[in-house]
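Residue numbering for the sequence shown follows the numbering used here, starting at 1385 and increasing by one per position.
The beta carbon of each residue, even a glycine, is placed where N, CA and C say it ideally should be.
Below you'll find the structure, written out as structure tokens, and then a few comments.
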Amino acid sequence: LRNPLHAISACCEALKEAVPADAEERQDVEAIALAAASCRTVVDDILDLTALRSGRLQVRPGPINVRFLLRQLALQHRSFAAVPIRVHVSRALPAVVEADELRLRQLLTNGITNSC
């Protein structure tokens, strides 16, 4: 599963270089790249589940720009969602938090996909 995903990602990177940033098609290329990254994440999630069940799952906390992460996830899922996705972030939420980015991304992605 990883090899085809790597090929898709490589093609997207080549397209990003070929398609001007202001071109209408650029958003489609970005969406494809994000979808490939999501598929890669699903594969990694399956491997993580195996590690969790065997007691080998590692948590790696670090600083995360939550606002950027939320915007990125909304963009990634917007074209596939059956309902509009809007991001409203409370001013009380710090811009940067200490957490495991991979685990937070998994949690938010699951919430988004389950609600759309």
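On a Cα-Cα basis, can you pick out the residue from the options that is closest to residue i?
i            : options                   : result
residue 1385 : 1422, 1458, 1472 and 1461 : 1422
residue 1389 : 1411, 1426 and 1404       : 1426
residue 1455 : 1402, 1413, 1446 and 1496 : 1496
residue 1415 : 1395, 1434 and 1486       : 1395
residue 1462 : 1429, 1419, 1446 and 1482 : 1419
residue 1470 : 1429, 1499, 1490 and 1428 : 1499
residue 1486 : 1405, 1446 and 1460       : 1446
residue 1444 : 1408, 1493 and 1483       : 1483
residue 1397 : 1490, 1417 and 1473       : 1417
From the DSSP output, read off the bridge partner residues of residue i.
i            : result
residue 1484 : 1445
Use the C-beta contact count for residue i: other C-beta atoms within 10 angstroms, 16 or more gives buried, fewer gives exposed.
i            : result
residue 1448 : buried
residue 1460 : buried
Over what stretch of residues does the alpha helix (DSSP H) that includes residue i continue unbroken?
i            : result
residue 1464 : Residue 1464 -> no alpha helix (DSSP H), and no H or E assigned at all.
residue 1429 : 1409-1437
residue 1476 : Counting along the chain, residue 1476 falls outside any alpha helix (DSSP H), and DSSP gives it neither H nor E.
residue 1402 : 1386-1402
With a threshold of 8 Å on Cβ separation, who are the neighbours of residue i within its own chain once the five nearest residues in sequence on each side are excluded?
i            : result
residue 1441 : 1432 and 1435
residue 1479 : 1449, 1450 and 1451
Less than 7 Å between C-beta atoms, sequence neighbours within five positions excluded: which residues of the same chain meet that for residue i?
i            : result
residue 1399 : 1413
residue 1502 : Coverage of the chain is limited to positions 1385 through 1500, which leaves residue 1502 absent and any answer about it impossible.
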